[in-house]
Each structure stands twice: as structure tokens, then as C-alpha cells.
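**Student:** Read in order, the letters of the sequence shown correspond to residues 88 to 262 in the numbering used here. Once you've had a glance at the structure underneath, I'll fire off some questions.
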Amino acid sequence: MAKDVIETIRERASIREYKSQEIPEETLHKILEAAHLAPSAGNIQPWEFFVIKNQAKIEELAKVAYGQEWMAEAPVVVVVCTNPELSAAKYGQRGEELYALQDASAAIENMLLAAEGYDLGSCWVGAFDEEKVKEVLDLSAKLIPLAFVTIGYSQGDKEEVRPQKELDEVITIIN
Ligand SMILES: Cc1cc2nc3c(=O)[nH]c(=O)nc-3n(C[C@H](O)[C@H](O)[C@H](O)COP(=O)(O)O)c2cc1C
88 MAKDVIETIR ERASIREYKS QEIPEETLHK ILEAAHLAPS AGNIQPWEFF
138 VIKNQAKIEE LAKVAYGQEW MAEAPVVVVV CTNPELSAAK YGQRGEELYA
188 LQDASAAIEN MLLAAEGYDL GSCWVGAFDE EKVKEVLDLS AKLIPLAFVT
238 IGYSQGDKEE VRPQKELDEV ITIIN
């Protein structure tokens, strides 16, 4: 039974240490489905997900993520890509430069929350050499790899609660 959405949002945190335990296929499928259910401008759904389970490939991805070796412990890494041409066809420059990225980001967040909902840890990894990722995965030139999402059962305790800005600092209410 998955957790309530508010509890899930509160409990999600980046996890960078994983057990080697495999993720059940059905759970992984549900996490990917959650990503695919994200909102997108004009419902274009410009995302593509590359689900990497091969250990050697995951190690290659960790290398092109500027040596974030911890990634290699994750049993699954999902490389989230977007196809800006699809958004550009309907929305021009705004679609290409903004919506295609926003849409895929919404999918990424859904994935993180779904993972937490199934008691799995995850981390959004954005620091990598884009060109090298394209080479490692032999990606179509149309695709931009936006993020790696590492997923696996968390090893050990959650890291300390991260410092949050005060809510008042980031809210402006206009009555
Ligand atoms: C766009 C983006 C890029 C990120 N890139 C990395 C990364 O390359 N490596 C990493 O360990 N964490 C990365 N993170 C995770 C953040 O460090 C993390 O979300 C932040 O410190 C807040 O912690 P929390 O996720 O536990 O709330 C990234 C997060 C986002 C949203």
C-alpha cells in the first residue's frame, strides 16, 4: 500500500547509498508509469526514459557524472531525456527552450515521489557531461539527457534533514 502524497513529499530525500537488492519489476514499472503521468505543455509528453540496469553501463554513467561513484551502487539508473523538437513544433522557441525541460522535470519529480511512495530511495543527478552521456547510450541527436535518477533500497539512515529556507522567504501573497 503506497503512502499518502503529503507524507511522501515530506519524507522524500536524496539517497546516495543503496543496498544491492533488486527492485521488483512491477514496482519499477509503477514508478515509470508515475513519471509518464506527469503534466506536459499541450500534453506533448516529450520525455523518453532509458532504464539502465546493466552494472557496467551504470559505472560508465557514474564516470561521466564527474566521478559520482556512489551512483554505481544503485541497481537502476533512469536517464530522463527530452525531445525539444516535439515541443517546438507546437510552441516554437518557448516550447523548445522551456516547456520541453519543464515537462521532463515534472516527470522526474513524479518518479522521485513514486519511489518514496514504494519505500525506495532515489536521487536526481544533474551534474554530468551531456555529450558523453549521449555517447554512452548512443542517443538520438534529437534527445537531451536531462537527469539521471538513481533508484534503489536505501542503505542506512536518511541523511540529516536538509536546511530549508523559511517559507515566508519564498512566498509573496498578493491579495
Ligand atoms: C537539478 C538538480 C540537479 C541535481 N544534481 C545532483 C547531482 O549531480 N548529484 C547529487 O548528488 N545530487 C544532485 N541533486 C540533488 C540535490 O543535491 C538535492 O535535491 C538537494 O541537496 C536537496 O536535498 P534533498 O533532495 O534530500 O531534499 C540535484 C538536484 C536537482 C533538482
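Ideal Cβ positions, reconstructed from N, Cα and C, are used throughout, including at glycine.
Looking at ligand 1, does it come within less than 7 angstroms of Cys168, judged from the CB to the closest heavy atom?
**Tutor:** For ligand 1, not one heavy atom lies less than 7 angstroms from the Cβ of Cys168.
**Student:** Where does Thr169 sit, in a helix, a strand or coil, going by DSSP?
**Tutor:** Residue state, collapsed to three classes: strand.
**Student:** Give the single residue among Ala128, Ala152 and Ala122 whose Cα lies nearest to the Cα of Val138.
**Tutor:** Considering only alpha carbons, the answer is Ala122.
**Student:** In three-state terms, what does DSSP make of Thr237?
**Tutor:** Strand, per DSSP.
**Student:** Residues around ligand 1, please: the condition is that the C-beta lies closer than 6 angstroms to some non-hydrogen atom of it.
**Tutor:** Those satisfying the condition are, in chain order, Ala100, Ser101, Arg103, Gln155, Cys210, Trp211, Val212, Gly213, Ala214 and Arg249.
**Student:** Would you say Leu240 and Glu160 are within 8 angstroms of each other, going by their C-beta atoms?
**Tutor:** In the sequence on display, residue 240 carries Tyr and not Leu. For Tyr240 and Glu160, no; Cβs fall outside 8 angstroms.
**Student:** Helix, strand or coil for Tyr153? Go by DSSP, reduced to three states.
**Tutor:** Three-state result, Tyr153: coil.
**Student:** Which runs of the alpha helix (DSSP H), 4 residues or longer, sit entirely within the segment 159–237?
**Tutor:** Segments of the alpha helix (DSSP H) lying fully in the segment 159–237: 171–181, 187–204 and 217–224.
**Student:** Rounded C-beta distance between Val164 and Val236? I'm assuming under 8 angstroms.
**Tutor:** Indeed, because the Cβ distance is near 7 angstroms, the residues count as touching under 8 angstroms.
**Student:** So, are the CB atoms of Leu133 and Ala193 less than 8 angstroms apart?
**Tutor:** In the sequence as displayed, the identity of residue 133 is Pro instead of Leu. Not in contact: Pro133 and Ala193 (Cβ atoms no closer than 8 angstroms).
**Student:** Tell me the residue span of the alpha helix (DSSP H) that contains Glu63.
**Tutor:** Since the first and last residues shown for the chain are 88 and 262, residue 63 lies out of range.
**Student:** Do you know whose CA, among Leu199, Val257, Cys210 and Glu112, lies nearest Arg103's CA?
**Tutor:** Arg103 has its Cα closest to that of Cys210, out of Leu199, Val257, Cys210 and Glu112.
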